[in-house]
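Chain order of the listed sequences is S, D, C, P, Y and Z.
The C-terminal position of the first sequence is numbered 321 in this note's numbering, with every residue numbered one higher than the one before it.
The C-terminal position of the second sequence is numbered 479 in this note's numbering, with every residue numbered one higher than the one before it.
The C-terminal position of the third sequence is numbered 578 in this note's numbering, with every residue numbered one higher than the one before it.
The C-terminal position of the fourth sequence is numbered 686 in this note's numbering, with every residue numbered one higher than the one before it.
The C-terminal position of the fifth sequence is numbered 1178 in this note's numbering, with every residue numbered one higher than the one before it.
The C-terminal position of the sixth sequence is numbered 1297 in this note's numbering, with every residue numbered one higher than the one before it.
One structure below.
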Amino acid sequence: MLLFLLIVTAFAIAYTKDLFAVVMLAGIYGLLSASFFVALDAVDVAFTEAAVGAGISPLLMLATLGLTGRFQTQTKSRFYLLGFALVVLVGALLMIGTADMPAFGSVDAPAQQHVAPRYIEKSYEEIAIPNVVTSVLASYRGFDTLGEVAVIFTAGLGVLSLLSISRKEEEKEGGVASMYEHTILRIVSKILIPAMLIFALYVQFHGEYGPGGGFQAGVIFAAAIILYSILFGLDVAKRVVNESVLQILAALGLLLYGSVGVVTMLSGKNFLDYNALAEDPGTGQHIGIIVIELGVGITVAAVMILIFFAFSRRMDREGGA
Amino acid sequence: MRHTVSMFVVLSLIWLLNSGFFTGLHLSLGLLSVVLVVWVAYRMDVVDHESAPVHLTLRLPSYYAWLMKELVLSNIDVTKRIWLGKKSISPSMAVLPLSQRTDMGRVIYANSITLTPGTVAIDLNSDTVVVHSLTAGGIEDLRSGEMDRRVSRLEKQK
Amino acid sequence: MLIATTLAILVVMIMALVRAFLGPTIYDRILAVNTFGTKTVLLIAVIGFLFGRPDFLDIALVYALINFISVIGVLRYFEYNDEVAAHEYNEKAETQKES
Amino acid sequence: MDTVVNIVSGACLLLGSFLIFSGGLGLLRFPDFYTRMHAAGITETLATGLILLGLMLLAGWGIVLAKLMMILLFILITSPTASHALAKSAQHGKLAPQLAEPEDQRSR
Amino acid sequence: MLAHLPILQVILPFLAAPICLILRKPKLAWLFALIVSAAALAVSGLLLQQVYAGGVISYELGGWAPPWGIEYRIDLLNAYVLLVVSSLATIVLLGAHTSVQKEIEAHKQTWFYSLYLLCFAGLLGIVATGDAFNVFVFLEISSLSTYALIALGRDRRALWAAYQYLIMGTIGATFILIGIGFLYMMTGTLNMNDLAMRIDAVESTTTVLAAFGFIVVGTSLKLALFPLHLWLPNAYTYAPSMVTAFIAATATKVAVYVLIRFLFTIFGESYSFGRHPLAEILIPLAIIGLLSASTVSISQPLIKRMLAYSSVAQIGYIVLGIGMGSALGLTASLLHVFNHAMMKGGLFLALAAVTYRMGGSEIGHMRGLARTMPLTFWAFVLGGLSLIGVPLTVGFVSKWYLILAAIELGWWPIVIVVLVGSLLAVLYVGRVVETGWFGEPEKPGRNEAPPSLLIPLWILIAANFYFGIDTRLTIGVAENAAAWLMGGGSGL
Amino acid sequence: MIEQLLSHYNYWVVIILMMVGFYIVVAQGNLVKKVVGLNIFQTSVFIFYISVGKVEGGTAPILVEGVDVYSNPLPHVLILTAIVVGIATTALALALVIRIKEAYGSVEESELQIRDQQC
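So, in structure tokens, the structure goes:
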């Protein structure tokens, strides 16, 4: 059912010319796929996809549209036919691939046999936290996650280097439109923003027990700040969270994660082996996971806010000109 | 100060209700988080009577009880009209006066209007509210002013 | 009962989706997306009970939150572009008159 | 006791489902944006409330109940706010509502 | 600390990147980056030595044994590529400060170094890891930073080039992701070594075939194999000079490494070449790419673009060697990975020097270069000779091996193709040299590039000749690695 | 054939989604839309991975008493990482689009090509 909706949405996106509607539909697509992830037991993934696919990325797209215009011209790409051929080719290859796949959901598929069972059977013993996804994410494959933080960090830097303007120029710019005069929104969000922030921190520190963790928490935290800056104006928001502080925070989060690895290395174990952090392996793992999740959270929140600021500053500039 | 304390309490409550873990580690993390958020909120300048409406707390429940009743009634009404089709509705718009003195009161009023199906507050000014209603009757009900009075009563006696 | 509710929510989701496709104005679409979002929140909550693991309500809460923020964000950007909006409205009004 | 709770919760869920479905229908059937908004409104207040209430009854005392309450509260605060913002924005964007004068309505 | 070498290799530049951001002063950041990459170079040297002495090194990240945890697995092949990448990164960085000061706005310079280090770390990570999914993660780190670096170019076309590269690169990466997903589905593991063992059992399934297809196409996009090379010329042309020098020397080489790793280690030679007509696909593509790109580059007015097309052509040589599916062919490819990194690095550095003084790298800027910037000019000439493949240069060595490999298989037409390619290289390099030698300079008088650019330039040019004459290291490593990949040798 | 179709239905859906996404990327001229397409393409791969991890009768891999069938957590972890990569790519791509718009005054592929040839 959900899948069917997904297909419909995807086709609608392909055929809609109003880019604004496309972005709306993309948001729906994000929500849909997230619901689908819940239905397939991937709660952590659903959590993330909801925050990213339905939250952050449509917002960024809208900001882009605000700058680049809403309607797509009628012309198709030069590579229209070629593209179509390519698509068919890829589709064919995929279909060939499915022919020998194990059936969906089957218990004895190879993917369920080799590595995965150990995580489920042993992780509680070895890491002592119930959320297996967090165990795998933060400990068994902790290095992947370090890489993931670096990816976000890279993107933040990239966006900054693309959209930043030198300090001199920045000072010249004038006031910024805000929605402050919007009484209802102002009051309601004054109540909501602190609640969102605390919720974000709750998600941050309970990733070991339920769905959630550093990345999701970072996104929610950033979302609250973004809401604030939408309503009260970029300038006000920047006074609250200074940009250069954010840059440093983004770097520090990554460093915090890395330093856990360095510490474990210095105490004689392998990189990111949290057992080095305490006598008892369970405690060590737990400390390690809390610290690295904190690193993830800090970097993600800082980078997301930075990216959003960079986008919306461009808009303000455009609007003022 | 009063507002800070009340925000602190509310935030702690949210944390505890969500968390469900009462070990030392979690409680101390929770305390840290709450302090952090209060601090950020301070920087954001959102700690005041609008974000932490202590003075309203006692009166809200009875108001909400009344609102619930209204909600149910208007829901039934709108549902009926949906099934009856286009002919049964008569969309109308009106500017209504309001008597609240604080922004908070106005917001509660406007949101109550919106919350009851069939009427939506479109614009809120200092002494009027623009309302769109599914039926002419919806406007009349509001004009009778009961909701307005009740909300105003909420904000009295600070 | 839960299954019936799930189905009802799904149907409403489809309806919202249809509204989002049809438009005609951008506000209709935003409304549809908003409705869609709150329905997703419900869906997640109900599915949680359906699968017997109701302890994942955090996700539903996040959905509600994100949904609110996106709608506000959308409106913010739309106000930014409100000249375009007025233009579009006029266009639509004309097409409606014609039809 | 359990059966009573189950029946009540079932009733809540059913009624909620019916209401939500009606709202969805209204979303499709109503003629213009503003009226559709009312339809969406009913899916978001009573229907949501009923469904969540039904779930709360199923959940029993505990953390799940608290979370459901929080979701309900959150929706009750944000949904009118969002609708209002939307309506305001629509009006600001010069989208005129199709108003029906009472006489006009009768003549149709 | 020696036991931690594999992870140190990657983690040094990796963690230096955020520190660079905190340093804020461009000069400081540069110095720091340089020290770190020199350290990384030292580590890679030590690693190669260790692998020579003690065989394959396996490092368990997080202390979890593979396949449950992520493993770093250094054998001769990746130790060799690690050395290539880190030496080139260090040498280019040596000259970066001067060039960056001129080409990149002041407030963006620290970001440049930070991104540079991230890119560097990403490339090292791809090479060092023994885990298929980890490859994807680090691939994205390096790609994202590359896009951003390219977009730092002054010309507005840099933006467009970066966008195109981003789209193509992401498609490529997603293809690789699909492929890895299919493999995981069929085997239940992500560890490369484990994959290689478990894949035999499911070799005949179409799912593995599809995975094979996606991974080959995905990596080919990344390494700019002929019909998928469209992103490359623009990206190289409009990126800042130092970025071009760095990515031209390393990024495609790492993609080649990934291809080799998947083809030979994971799927295995018998699967890749025995079961499928991979050679019949790769070789014609390589040949067409080689010839057409060389021809196109002759008529390019922009020298940077000319060299970019020449890079596509050189990729052709490398893929040709891989496509032969023989130990000798693979040796030639591996040799060319190293050699091409050196010559292209050198040539692009020479162009960086020209751009620094002349403000551009069009053919017009080269006029009379022999008089105005003789040292740069001669470096270019010598680098060009190496590109053509004149004896005593590294270019000759790898082409010689390629020809040997072709003769071994009895594929005479390929010998001719290689010769024709060299001939075309003579034409396009010759054109620049001619302008530089005979053209009238716009502003007469010596105007040599600053030593900070000349030193790294001449280091690379000298290396072109050193390794062209003393081939013990390169050929030794390449032959052993190739033999090992083909399943013959012991990994030494 | 029918059996095959039924037991793999969501792989087929994923394929269709991939094709649609991929089609938008290669065949649409608008740069923003390409990014949306890229998103769809990537998301479909995510769905694929998560489908691989689903175990019939299993629940979410958060350990509780009394349940012993869990879905496979590994794909979830991988996809968490991939989602992050996806949003990173999107952000960067959109930033590029904004700069392109500023530099060229257009975000249509065909117009960009024309404008490049002029100078």
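The C-beta atom is built at its ideal place from N, Cα and C for all residues, glycine as well.
Exercise. What's the C-alpha gap between S35 (chain S) and L876 (chain Y)?
Worked result: 27 Å
For this session: Look at the Cβ atom of G1031 (chain Y), then the Cβ atom of A1111 (chain Y), and state whether they are nearer than 8 Å.
Result: no
Problem set entry | Neighbourhood of I973 (chain Y) by C-beta distance below 8 Å, restricted to the same chain and skipping five residues each side | G1002, L1006, I1100 and V1103
For this session: Would you mind telling me which residues of chain S sit closer than 9 Å to G1231 (chain Z), beta carbon to beta carbon, in chain order?
Result: L40, D41, A42, A111, Q112 and A116
Exercise. Under 7 Å Cβ-Cβ, which residues of chain Z neighbour E49 (chain S)?
Worked result: I1261
Exercise. Going along the chain, which unbroken runs of the alpha helix (DSSP H) with 4 or more residues stay wholly within the segment 249-299 of chain S?
Worked result: none
Exercise. Comparing alpha-carbon positions, which option in Z:I1278, Z:G1199, Z:Y1189 and Z:E1289 lies nearest I1225 (chain Z)?
Worked result: Z:Y1189
For this session: Name the residue from C:L481, C:T485, C:V490 and C:A483 whose alpha carbon lies nearest to the alpha carbon of L5 (chain S).
Result: C:V490
Exercise. Can you tell which of P:A660, P:H662, P:L628 and P:G632 has the C-alpha that lies nearest to the C-alpha of L392 (chain D)?
Worked result: P:L628
For this session: From the DSSP output, read off the bridge partner residues of L707 (chain Y).
Result: Answer by DSSP bridge pairing: none, since L707 (chain Y) is not bridged.
Problem set entry | Minimum C-alpha distance to M878 (chain Y) - residue among Y:L949, Y:V770, Y:M1044 and Y:F1063 | Y:L949
Exercise. Got a sec: is the Cβ-Cβ distance from M61 (chain S) to anything in chain Z below 8 Å?
Worked result: yes
Problem set entry | Same chain, Cβ closer than 7 Å to V1119 (chain Y), five either side skipped, listed in chain order | V1067 and G1070
Problem set entry | Ordered list of beta strand (DSSP E) runs contained in the segment 797-827 of chain Y, each at least 3 residues | none
Exercise. Taking the continuous alpha helix (DSSP H) assigned at I1278 (chain Z), which residues delimit it?
Worked result: P1251 to Y1282
Exercise. Closest to L709 (chain Y) by CA distance: which of S:I248, S:Q112 and S:L272 is it?
Worked result: S:I248
Exercise. If we count Cβ pairs, one from each stretch, closer than 8 Å, do we get three or more for the segment 1212-1228 of chain Z versus the segment 1249-1268 of chain Z?
Worked result: yes
Exercise. Does the Cβ of A42 (chain S) lie closer than 7 Å to at least one heavy atom of the ligand ATP?
Worked result: In terms of ligand content, the structure shown is empty, and the ligand ATP therefore cannot be addressed.
Problem set entry | Span separating the alpha-carbon of F898 (chain Y) from that of L86 (chain S) | 17 Å
For this session: Report all residues from its chain with a CB closer than 6 Å to the CB of I806 (chain Y); omit the five preceding and five following residues, and keep chain order.
Result: Sequence inspection shows Phe at residue 806 (chain Y); the Ile mentioned does not correspond to that position. Hits under 6 Å: P699 and A775.
For this session: Decide if the segment 104-124 of chain S is in contact with the segment 193-205 of chain S; the criterion is three or more beta carbon pairs, one per stretch, under 8 Å apart.
Result: no
Exercise. Hey, would you say Y758 (chain Y) sits closer than 8 Å to L747 (chain Y), going by beta carbons?
Worked result: yes
For this session: Please classify E679 (chain P): is it buried, with 16 or more other beta-carbons within 10 angstroms of its beta-carbon, or exposed?
Result: Low per-residue confidence applies at E679 (chain P): pLDDT is 49, beneath 50, and the placement is therefore not dependable enough to give any value.
For this session: Leaving aside the five residues before and after A1260 (chain Z) along the sequence, list all residues of the same chain whose C-beta is less than 8 Å from its C-beta, in chain order.
Result: Q1220, V1223, F1224 and Y1227
Problem set entry | Local Cβ density within 10 Å of Y799 (chain Y), reported as buried at 16 or more and exposed below that | buried
Exercise. Which term fits I230 (chain S), buried or exposed, when burial requires 16 or more other beta carbons within 10 angstroms of its beta carbon?
Worked result: buried
Exercise. Considering A415 (chain D), what are the terminal residues of the beta strand (DSSP E) in which it resides?
Worked result: S413 to P418
For this session: Determine the direct distance from the alpha carbon of L529 (chain C) to that of T1237 (chain Z), and round the result to whole angstroms.
Result: 11 Å
Problem set entry | DSSP-derived helix/strand/coil call for V1076 (chain Y) | coil
For this session: Scan the segment 7-81 of chain S and note each continuous alpha helix (DSSP H) run of 4 residues or more that stays entirely inside, going in chain order.
Result: 19-39, 43-51 and 57-68
For this session: Return the residues of the segment 515-528 of chain C that lie within a Cβ-Cβ distance of less than 7 Å from chain S, sorted by chain order.
Result: F515, G516, T519, L522, I523 and I526
Exercise. Is L830 (chain Y) closer than 8 Å to V303 (chain S) when the C-beta atoms are compared?
Worked result: no
Exercise. What distance in whole Å lies between the Cβ atoms of A54 (chain S) and I545 (chain C), which are believed to be in contact at a cut-off of 8 Å?
Worked result: 6 Å
Problem set entry | Cα-Cα separation between E1048 (chain Y) and Q1000 (chain Y), rounded to whole angstroms | 22 Å
For this session: May I ask you to report which of helix, strand or coil DSSP gives A114 (chain S)?
Result: The identity of residue 114 (chain S) in the sequence shown is His, whereas the question assumes Ala. Three-state result, H114 (chain S): coil.
Exercise. If you measure from the beta carbon of G531 (chain C) to each beta carbon in chain S, is any gap under 8 Å?
Worked result: no
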